[in-house]
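Student: Numbering of the sequence shown is given in our numbering, commencing with residue 912 and proceeding in unit increments.
Cβ coordinates follow ideal geometry from the N, Cα and C atoms, glycine included.
All values reported here derive from a predicted model rather than from experimental measurement.
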Amino acid sequence: MEFLLFTFVGVVHLLSLSSGKPIYKNDISRRTFQEIKEEIASYRDVAKAIIDLAVYGKAQNRSYERLALLVDTVGPRPSGSRSLEKAIQIMYQNLREDGLENVHLEPVKIPHWERGEESAVMLEPRIHRMAILGLGSSIGTPPEGITAEVLVVTSFEELQRRAPEARGKIVVYNQPYVNYSTTVQYRVQGAVEAAKVGALASLIRSVASFSIYSPHTGIQEYQDGVPKIPTACITVEDAEMMSRMASRGNRIVIQLKMGAKNYPDADSFNTVAEIIGSKYPEQVVLVSGHLDSWDVGQGAMDDGGGAFISWEALSLIKDLDGTEAEGTSVPAHDHANPGGRPAELRTDSLRWVTGTRRAAPVGELGTGLASLRPAHLCPRRPAAHFSRSLVPTTCVSAAMLGLRQGLLTRFAHGPRGARIRRRFSLPAGISI
Ligand SMILES: *[C@@H]1O[C@H](CO)[C@@H](O)[C@H](O)[C@H]1NC(C)=O
Ligand SMILES: *[C@@H]1O[C@H](CO)[C@@H](O)[C@H](O)[C@H]1NC(C)=O
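1) Scan the segment 1085-1165 and note each continuous beta strand (DSSP E) run of 3 residues or more that stays entirely inside, going in chain order.
2) Can you tell me the Cα-Cα spacing of Val1089 and Arg1098, whole angstroms?
3) Excluding five sequence neighbours on each side, which residues of the same chain lie with their C-beta closer than 6 Å to the C-beta of Leu995?
4) Quick check: what's the CA-CA separation for Met1169 versus Ala1218?
5) Output the distance between the C-alpha atoms of Ile999 and Thr1182, rounded to the nearest integer angstrom.
6) When the Cα of Ser1120 is compared with those of Leu1231, Ser1113, Val1147 and Arg1026, which residue comes out closest?
7) Return yes when at least one heavy atom of ligand 2 lies under 7 Å from the C-beta of Asn1005, else no.
8) Between Asn1090 and ligand 2, is there a pair consisting of the residue's CB and a ligand heavy atom that are separated by less than 7 Å?
9) Return helix, strand or coil for Asp1176, following the three-state DSSP convention.
10) Please look up how many angstroms separate the CB atoms of Leu981 and Gly1215, rounded, as I've assumed it's under 8 Å.
11) When the distance is taken between beta carbons, is Ala1112 closer than 8 Å to Pro1141?
12) To which residues of the same chain is Ala1077 closer than 7 Å at the C-beta, ignoring the five residues directly before and after it?
13) Are the segment 946-965 and the segment 1219-1230 in contact at 8 Å, needing three or more beta carbon pairs?
14) Whose C-alpha, out of Glu1223, Leu1231 and Gly1210, is nearest the C-alpha of Asp983?
15) Is Gln1071 near ligand 1, going by C-beta to nearest heavy atom under 7 Å?
16) Buried or exposed: where does Arg1037 fall if 16 or more other Cβ atoms within 10 Å of its Cβ makes it buried?
17) Identify, in the order they occur along the chain, each residue of the same chain with its Cβ nearer than 6 Å to the Cβ of Ala1271, setting aside the five sequence neighbours on each side.
18) Determine the extent of the alpha helix (DSSP H) in which Thr984 is found, giving its start and end residues.
19) Strictly closer than 5 Å from CB to any heavy atom of ligand 1: give me those residues in the order they appear in the chain.
20) Return the CA-CA distance between Leu1124 and Leu1044, expressed in angstroms with no decimal places.
21) Rounded to the nearest angstrom, what separates Lys1080 and Thr1128 at their Cα positions?
22) Whose CA, out of Ser1179, Val1103 and Met1153, lies closest to the CA of Ser1049?
23) For the putative contact between Ala1143 and Ala1031, defined by C-beta atoms under 8 Å, what is the C-beta separation to the nearest angstrom?
24) In this structure, what does DSSP give as the bridge partners for Asn1181?
25) Does Arg1252 come out as helix, strand or coil in the three-state DSSP assignment?
26) Roughly how far, in whole angstroms, is the beta-carbon of Val1083 from the beta-carbon of Ala1150, given that I think they are within contact range, below 8 Å?
27) Here's the rule I'm using: 16 or more other beta-carbon atoms within 10 Å means buried, otherwise exposed. How should Asp1178 be labelled?
28) Leaving out five residues on either side along the sequence, give the residues of the same chain with a beta carbon under 6 Å from the beta carbon of Gln1134.
29) Please state whether DSSP places Val1211 in a helix, a strand or coil.
30) Classify Ser990: buried if its beta carbon has 16 or more other beta carbons within 10 angstroms, exposed otherwise.
31) CB-CB under 6 Å to Met1002, same chain, minus the five flanking residues each way: which ones, in chain order?
32) With hydrogens ignored, establish whether the beta-carbon of Thr1065 is closer than 7 Å to any heavy atom of ligand 2.
33) I'd like to check one pair, Ile1145 with Met1033: are the Cβ atoms closer than 8 Å?
34) Would Val1264 be called buried (16 or more neighbouring beta carbons within 10 Å of its own) or exposed?
35) Since I believe Leu1167 is in contact with Gly1056 (beta carbons under 8 Å), could you give me their beta-carbon distance rounded to a whole number of angstroms?
36) Using 10 angstroms around the beta-carbon of Gln1131, count the other beta-carbons present and answer buried if the total reaches 16, otherwise exposed.
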């Protein structure tokens, strides 16, 4: 039941994602909830076929095991690393052996940042070695580190109000966790805002709803014209403690050392595979994930899951197509026909792309297809928990996405669609 529920949650979500030009003759945004509900219900049989294959059939555990093998073999795959290139070569082989079409690698330049050694030690009011993780693209400190007094703030507004106190200090942000999109602004812009008011470095409370003294890394962005200062995340626990110390009037001093370094952009590849199909070979559904991962984890969740779910979607559709070839079609409504005339949903027009973070339009699309990602399907489960049961669920959603091409093939119109067309050398006039 769980699978069914989540599958349909995924599909509903996809419905709301389709923006831009009308997908049907009548504008999708004007369709009633009842109509959408009925349309989703009409996919019961095709959903069941995919679920049976992914959950109980020959594809049982397949994607989980494929992903487990890659992350166990390669480990973390930071952008610009040898292990990422190894992962790409393995994926290329995998996709070829899976019998997919047009499997190829496309050269792409990607950022190359290395963390190096890092540490933060509180010297006053007591000695305390803190867990930190430098943020992607941060510069390092001088070898002797930066030793400075701390200014603790809980918001950018407070930083503005207390701007004169920030000069020459290490700004510690102890922003409350609201939700990811709001709170992550502190991680992304914390260094720039601190540098604008003359701080020497910034330490940011990890963007997390829950902590077991666990710092989180992620990207941060410098701004032209603003001095670059080193920046790292600290744990929720240390941010809270420093807030308490500051409110008691304690002077806090930290020595921060970071060996982080930015290197010139590295050469890498997007990995592309397709099922071209015969009915609408000119149309494309793009599903993707990024293969690179942060250096401090294994990248099973972010975004090995996204990449392997996308691959599995193609595998499932290929398997179902094999069934069709034997004469057992997957019945459903073909929404290319406005009358909703029952027709076969075939494996047409699905292209699958995975790549590195730097392949911006693709990477964004991959992670932007939120319902392909377990954390979004199951918001109550911790994001780090990439479970065996979630994999087939999200694979099913992804396969549904591919099969429902009448609805989704045109989801990327406008400038984004144009960028993707250029990126993948698709002829003009093709709806993506
Ligand atoms: C899939 O994994 C489950 C849980 O580990 C196991 O019970 C089951 O036998 C596996 N199925 C196959 C086909 O390997
Ligand atoms: C996150 O919180 C902000 C501020 O409360 C709110 O405006 C925004 O809609 C929330 N975003 C999500 C995705 O819930």
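Tutor: From the atom records:
1) 1112-1116 and 1142-1145
2) In the sequence shown, residue 1089 corresponds to position 178, counting from 1. In the sequence shown, residue 1098 corresponds to position 187, counting from 1. If I take the Cα positions, the gap works out to 13 Å.
3) Position 84 of the sequence shown holds residue 995. Here the set comprises Arg988 and Asp1203.
4) Taking the first residue of the sequence shown as position 1, residue 1169 is located at position 258. Taking the first residue of the sequence shown as position 1, residue 1218 is located at position 307. Those two C-alpha atoms are separated by around 32 Å.
5) One-based indexing of the sequence shown puts residue 999 at position 88. One-based indexing of the sequence shown puts residue 1182 at position 271. Each residue's alpha carbon lies about 7 Å from the other.
6) Counted from its first residue, the sequence shown places residue 1120 at position 209. Here the closest residue by C-alpha is Val1147.
7) Numbered from 1 along the sequence shown, position 94 holds the residue referred to as residue 1005. No; taking the cut-off as 7 Å, the Cβ of Asn1005 has no heavy atom of ligand 2 nearer than that.
8) Working through the sequence shown from its first residue, we reach residue 1090 at position 179. Yes, the Cβ of Asn1090 comes within 7 Å of a heavy atom of ligand 2.
9) Against the sequence shown, residue 1176 aligns to sequence position 265. In this structure, Asp1176 counts as strand in the three-state DSSP scheme.
10) Here residue 981 corresponds to residue number 70 of the sequence shown, with the count starting at 1. Here residue 1215 corresponds to residue number 304 of the sequence shown, with the count starting at 1. At roughly 7 Å, the Cβ-Cβ gap stays under 8 Å, so Leu981 and Gly1215 are in contact.
11) The residue labelled residue 1141 in the question sits at position 230 within the sequence shown. The residue labelled residue 1112 in the question sits at position 201 within the sequence shown. Contact flag set, yes.
12) To locate residue 1077, count along the sequence shown from 1; it is residue 166. The residues are Leu1062, Leu1070, Ala1105, Val1108, Gly1109 and Ala1110.
13) yes
14) For the purposes of this step, residue 983 is identified with residue 72 of the sequence shown, where counting begins at 1. With distances taken between Cα atoms, Asp983 lies closest to Gly1210.
15) In the sequence shown, residue 1071 corresponds to position 160, counting from 1. Result no, Cβ not under 7 Å from ligand 1.
16) Translated into positions along the sequence shown, residue 1037 becomes position 126. It counts as exposed.
17) As a working note, residue 1271 is residue 360 in the sequence shown. At Ala1271 the pLDDT is 27, less than 50, meaning the model places this residue with poor confidence; the figure from the coordinates comes in the next sentence. Hits under 6 Å: none found.
18) For this step, residue 984 is matched to residue 73 along the sequence shown. Element bounds for Thr984: Arg973 to Val985.
19) Gln971 and Asn972
20) Start at 1 with the first residue of the sequence shown, and residue 1124 comes out as number 213. Start at 1 with the first residue of the sequence shown, and residue 1044 comes out as number 133. Correcting the residue type first, residue 1124 is Tyr in the shown sequence and not Leu. About 12 Å.
21) Within the sequence shown, residue 1080 is the residue found at index 169, counting from 1. Within the sequence shown, residue 1128 is the residue found at index 217, counting from 1. Rounded to the nearest angstrom, the two C-alpha atoms are 22 Å apart.
22) Along the sequence shown, read from residue 1 onward, the residue named residue 1049 stands at position 138. The shortest Cα separation from Ser1049 among Ser1179, Val1103 and Met1153 belongs to Val1103.
23) Position 232 of the sequence shown, counting from 1, holds the residue named residue 1143. Position 120 of the sequence shown, counting from 1, holds the residue named residue 1031. Indeed, because the Cβ distance is near 7 Å, the residues count as touching under 8 Å.
24) Position 270 of the sequence shown, counted from the start, is the residue given in the question as residue 1181. Answer is Glu1017, bridged to Asn1181.
25) What you label residue 1252 is simply residue 341 of the sequence shown in a count that begins at 1. Unreliable placement is indicated for Arg1252, whose pLDDT of 23 sits below 50; no coordinate value is reported for it.
26) Stepping through the sequence shown from its first residue, residue 1083 is reached at position 172. Stepping through the sequence shown from its first residue, residue 1150 is reached at position 239. That pair is a contact at about 6 Å.
27) Within the sequence shown, the letter at position 267 stands for residue 1178. Asp1178 should be labelled exposed.
28) Start at 1 with the first residue of the sequence shown, and residue 1134 comes out as number 223. Result list for Gln1134: Val1103, in chain order.
29) The residue given as residue 1211 occupies position 300 in the sequence shown. The sequence shown places Ala at residue 1211, rather than the Val named in the question. Of the three classes helix, strand and coil, the one that applies to Ala1211 here is helix, per DSSP.
30) Looking up residue 990 in the sequence shown gives position 79. Buried.
31) Numbered from its first residue, the sequence shown carries residue 1002 at position 91. Only Thr1182 meet the Cβ criterion.
32) Within the sequence shown, the letter at position 154 stands for residue 1065. Flag unset: Cβ of Thr1065 not near ligand 2.
33) Here residue 1033 corresponds to residue number 122 of the sequence shown, with the count starting at 1. Here residue 1145 corresponds to residue number 234 of the sequence shown, with the count starting at 1. No; because the gap between Cβ atoms is not below 8 Å, this pair is not in contact.
34) Position 353 of the sequence shown, counting from 1, holds the residue named residue 1264. The predicted position of Val1264 is uncertain, since its pLDDT is 45 and thus under 50; a value taken from the coordinates is nonetheless stated next. With 16 or more other Cβ atoms within 10 Å, it is buried.
35) Here residue 1056 corresponds to residue number 145 of the sequence shown, with the count starting at 1. Here residue 1167 corresponds to residue number 256 of the sequence shown, with the count starting at 1. Between Leu1167 and Gly1056 the Cβ distance is about 6 Å, and since that is below 8 Å, they are a contact.
36) The sequence position of residue 1131 within the sequence shown is 220, counting from 1. The residue in question, Gln1131, is buried, as its Cβ has 16 or more Cβ neighbours within 10 Å.
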